[in-house]
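S.K.:
Residue numbers (UniProt numbering): 1 to 627.
1. Check this for me: beta carbons of residue 88 and residue 103, under 8 Å apart or not?
2. Please name the residue in 409, 538 and 414 whose C-alpha comes closest to that of residue 421.
3. If contacts are defined as beta-carbon pairs under 8 Å, then residue 86 and residue 60 qualify, I think. What distance do you get, rounded to the angstrom?
4. Once the 5 residues before and after residue 498 are set aside, which same chain residues still bring their CB inside 6 Å of it?
5. Going along the chain, which unbroken runs of the alpha helix (DSSP H) with 4 or more residues stay wholly within the region 465 to 494?
6. Please report how far the alpha carbon of residue 509 lies from the alpha carbon of residue 22, in whole angstroms.
7. Is the CB-CB distance between residue 339 and residue 149 below 8 Å?
8. Could you check the C-alpha separation between residue 178 and residue 582 for me, to the nearest Å?
9. Considering only the alpha carbon of each residue, which of 217, 235, 236 and 210 lies closest to residue 226?
10. Within the same chain, show all residues whose beta-carbon is closer than 7 Å to that of residue 514, passing over the 5 residues directly before and after it, in chain order.
11. Leaving aside the five residues before and after residue 344 along the sequence, list all residues of the same chain whose C-beta is less than 8 Å from its C-beta, in chain order.
12. Could you give the distance in angstroms between the alpha-carbon of residue 230 and the alpha-carbon of residue 264?
13. Taking all protein chains shown into account, do 16 or more other C-beta atoms lie within 10 angstroms of the C-beta of residue 448, making it buried, or fewer, making it exposed?
14. For the beta strand (DSSP E) containing residue 73, name the first residue and the last one.
15. What does residue 165 pair with, by DSSP beta-bridge criteria?
16. Helix, strand or coil for residue 415 per DSSP?
17. Determine the contact status of residue 365 and residue 402, defining contact as a CB-CB distance below 8 Å.
18. Straight-line CA distance for residue 165 to residue 144?
19. With a 10 Å radius around its C-beta and 16 neighbouring C-beta atoms as the bar for buried, classify residue 357 as buried or exposed.
20. Report yes or no: do the region 476 to 490 and the region 75 to 84 share at least 3 C-beta pairs separated by less than 8 Å?
21. Three or more C-beta pairs closer than 8 Å, one from the region 312 to 331 and one from the region 167 to 175: is that the case here?
22. Count the other CB atoms within 10 Å of the CB of residue 593; is the residue buried (16 or more) or exposed (fewer)?
23. Measure the C-alpha to C-alpha separation of residue 160 and residue 414 and round it to an integer number of angstroms.
24. Taking just the CA atoms, how far does residue 247 sit from residue 369?
25. Looking at residue 90 and residue 62, is the spacing between their C-beta atoms short of 8 Å?
26. Comparing alpha-carbon positions, which option in 525, 539 and 605 lies nearest residue 595?
27. For residue 28, does the three-state DSSP call read helix, strand or coil?
28. Note the first and the last residue of the continuous alpha helix (DSSP H) segment covering residue 92.
29. Between which two residues does the alpha helix (DSSP H) holding residue 622 run?
30. Would you tell me roughly how many angstroms separate the C-alpha atoms of residue 552 and residue 560, rounded to the nearest one?
31. Spatial neighbours of residue 4 within its chain, please: C-beta separation below 7 Å, excluding the five flanking residues on both sides.
32. Hey, out of 7, 10 and 27, whose CA is closest to residue 503's CA?
33. Can you tell me which of the three DSSP states residue 329 falls into?
34. Is the separation between the beta-carbon of residue 290 and that of residue 406 shorter than 8 Å?
35. Under the three-state reduction of DSSP, which class applies to residue 10: helix, strand or coil?
36. Any contact of the region 10 to 21 with the region 47 to 54, i.e. 3+ C-beta pairs under 8 Å?
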């Protein structure tokens, strides 16, 4: 009997509705726009700035589609790229260094769709245009910096424990040599060093942590291979976090930041065409400052409102935009921070962040906390970005600073070079540790590759890619309708749903569509066609063997399904291998291919059979098939 379960019809209708909903945002074109972001803590995004920007654009003869305040940005939507360029050139010199003016593409997707999580596919750099950088991290410098920190910590703990030593030095092989004075307690020194290293590295001595060997009054600390690999990996991840923060500050839409190999970062900034400005922003320097909090939020708000700020204090703002009064005196600077690890407080069992300073920073922190238990301590993130202005035809170089408070917690007791920040959730502890370590680059980075992709080339790539897929699709439909007649029409409907599912899935999960992705999409259509050909030809064989039409349909689908599954499984395995071992374009091709293959199996085996059952099952006496 030619039958099909009703729940599968419900499933198909549900898939069709969801696929249509999440593919729909791709029908909405994006507006070329200019995005204005504050670059300093004094800059504000408000109605006054909006009025000022509207006036500047009117004077320049630029008529925007609209100007709107979105979170911490002012977005100016424009009609075309020419108006976008003119608006950017008009606003940049007037707004000055307090604001970052970046080119952007603003979504026009309705709010009701956005609220459902529906968004258009992300376009790769080859389709949208922009700048592409590859930066290499000097992992050897990161390892050297960490070992120097460990050596400084060893000197401090030996001095605090009153264990005499004549030298603690980092060796060229990144081991640490410790020479104790005559008569010093070697076992006590070993215990103190092990405790210090375990705290600073987050790894217990021995096993996968640092190793300590003793020879007379000499101790040697060697990092395990696992520890060295972890430091190198941490350096890349720390630099990645810093670069991510800087990219977000630029305000570029849909940036791409990903690791390549062991020590490289790939940075793609769609829509940005000024490589010099991008390099200045990405290569900026950043640090941290520990300052005493001199007033609560109410006092700070009152000081801002009245303009009467105490002489020994400054106004800072946290990430939520709330003002805080902090001391002008810096207790500890970021270059004195050795490490920061998310931990669990041994007393309360709650999440915390363990912070390790060098000996100089630890002494200053100890002196401060002795007199300020119960007071608050603020951690300020400071970023200095070099800028270049043309004045009277000559370059004038300067720097602008971005400052914000990333933490302000109460001092619970006296501490020095090692302490914990508590009162955080697990996620907040992880974020704070990452931000503390990301206050400055863990190691120097070099630009090893850079290139610009013009927006016209991107537009041409999009047009050609869409045209190629469209022609492949149309030719396939025409061939099937002529060659397989009614079954060809069924196949065409299944292929349309297949394409809809691929677009919807890529949009839903934020997959990036690149030029190789179009190739993967076209190939997945070909594989879907192959599946339908297997089904149709199997049905033909059963009809030629004398089997009744309805029985031929059932047998054809059953016998072809195993073959389709086996053949497509090999394609999925190849796609997974391309994604796992490939980079960039290969991964884009692999993602589109895998999604297309899975969708094609569903539409060929399930959807087409449902349609055929709807057409032929009601007929009691079926003498022939239009195939």
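Every residue gets a Cβ at the ideal spot worked out from N, C-alpha and C, and that includes glycine.
M.R.: Answer, in terms of the structure:
1. Numbered from 1 along the chain shown, position 88 holds the residue referred to as residue 88. Numbered from 1 along the chain shown, position 103 holds the residue referred to as residue 103. Result yes, Cβ atoms of residue 88 and residue 103 sit closer than 8 Å.
2. Locating residue 421 in the chain shown gives position 421, where the first residue counts as 1. It is 409.
3. Counted from its first residue, the chain shown places residue 86 at position 86. Counted from its first residue, the chain shown places residue 60 at position 60. Their Cβ separation, rounded to whole angstroms, is 6 Å, which keeps residue 86 and residue 60 in contact under 8 Å.
4. Locating residue 498 in the chain shown gives position 498, where the first residue counts as 1. 528, 599, 600 and 603, listed in sequence order.
5. none
6. For the purposes of this step, residue 509 is taken as residue 509 along the chain shown, with counting starting at 1. For the purposes of this step, residue 22 is taken as residue 22 along the chain shown, with counting starting at 1. Each residue's Cα considered, the two are about 10 Å apart.
7. As a position in the chain shown, residue 339 is number 339, starting the count at 1. As a position in the chain shown, residue 149 is number 149, starting the count at 1. Result yes, Cβ atoms of residue 339 and residue 149 sit closer than 8 Å.
8. In the chain shown, counting from the first residue as 1, residue 178 sits at position 178. In the chain shown, counting from the first residue as 1, residue 582 sits at position 582. Distance between the alpha carbons of residue 178 and residue 582: 45 Å.
9. For the purposes of this step, residue 226 is identified with residue 226 of the chain shown, where counting begins at 1. When each option's Cα is compared against that of residue 226, the closest is 210.
10. On the chain shown, residue 514 is found 514 positions in, with the first residue counted as 1. Counting only Cβ-Cβ distances below 7 Å, and skipping sequence neighbours, we find 124, 126, 127, 585 and 588.
11. What you label residue 344 is simply residue 344 of the chain shown in a count that begins at 1. Only 350, 351 and 352 meet the Cβ criterion.
12. As a working note, residue 230 is residue 230 in the chain shown. As a working note, residue 264 is residue 264 in the chain shown. Roughly 15 Å between the two C-alpha positions.
13. Along the chain shown, one-based indexing puts residue 448 at 448. So residue 448 counts as exposed.
14. Working through the chain shown from its first residue, we reach residue 73 at position 73. 73 to 77 is the extent of the beta strand (DSSP E) around residue 73.
15. As a first step, residue 165 is located in the chain shown; it is residue number 165 there, counting from the start. 180.
16. Here residue 415 refers to the residue found at position 415 of the chain shown. It is coil, neither helix nor strand.
17. Here residue 365 corresponds to residue number 365 of the chain shown, with the count starting at 1. Here residue 402 corresponds to residue number 402 of the chain shown, with the count starting at 1. No; because the gap between Cβ atoms is not below 8 Å, this pair is not in contact.
18. Residue numbering aside, residue 165 sits at position 165 when the chain shown is read from its first letter. Residue numbering aside, residue 144 sits at position 144 when the chain shown is read from its first letter. Rounded to whole angstroms, residue 165 to residue 144 spans 22 Å at the Cα level.
19. By 1-based counting over the chain shown, the position of residue 357 is 357. Looking at its Cβ environment, which holds 16 or more other Cβ atoms inside 10 Å, residue 357 is buried.
20. no
21. no
22. For this step, residue 593 is matched to residue 593 along the chain shown. The residue is buried, with at least 16 neighbouring Cβ atoms inside 10 Å.
23. Translated into positions along the chain shown, residue 160 becomes position 160. Translated into positions along the chain shown, residue 414 becomes position 414. Roughly 15 Å between the two C-alpha positions.
24. Translated into the one-based positions of the chain shown, residue 369 becomes position 369. Translated into the one-based positions of the chain shown, residue 247 becomes position 247. Whole-angstrom Cα-Cα distance: 36 Å.
25. Here residue 62 refers to the residue found at position 62 of the chain shown. Here residue 90 refers to the residue found at position 90 of the chain shown. Contact flag set, yes.
26. Along the chain shown, read from residue 1 onward, the residue named residue 595 stands at position 595. Nearest option by C-alpha distance: 525.
27. Position 28 of the chain shown, counting from 1, holds the residue named residue 28. If DSSP states are grouped into helix, strand and coil, residue 28 belongs with coil.
28. As a position in the chain shown, residue 92 is number 92, starting the count at 1. Run containing residue 92: 81 to 95, per the alpha helix (DSSP H) assignment.
29. Translated into positions along the chain shown, residue 622 becomes position 622. No alpha helix (DSSP H) contains residue 622, which DSSP labels as neither H nor E.
30. In the chain shown, the residue the question calls residue 552 occupies position 552. In the chain shown, the residue the question calls residue 560 occupies position 560. Distance between the alpha carbons of residue 552 and residue 560 is about 12 Å.
31. If you number the chain shown from 1, residue 4 lands on position 4. Result list for residue 4: 609, 610 and 613, in chain order.
32. On the chain shown, residue 503 is found 503 positions in, with the first residue counted as 1. Of the candidates 7, 10 and 27, the one whose C-alpha sits nearest the C-alpha of residue 503 is 27.
33. In the chain shown, counting from the first residue as 1, residue 329 sits at position 329. Here residue 329 sits in strand by DSSP.
34. The residue given as residue 290 occupies position 290 in the chain shown. The residue given as residue 406 occupies position 406 in the chain shown. For residue 290 and residue 406, no; Cβs fall outside 8 Å.
35. Your numbering for residue 10 matches position 10 in the chain shown. Reduced to three states, the DSSP call for residue 10 is helix.
36. no
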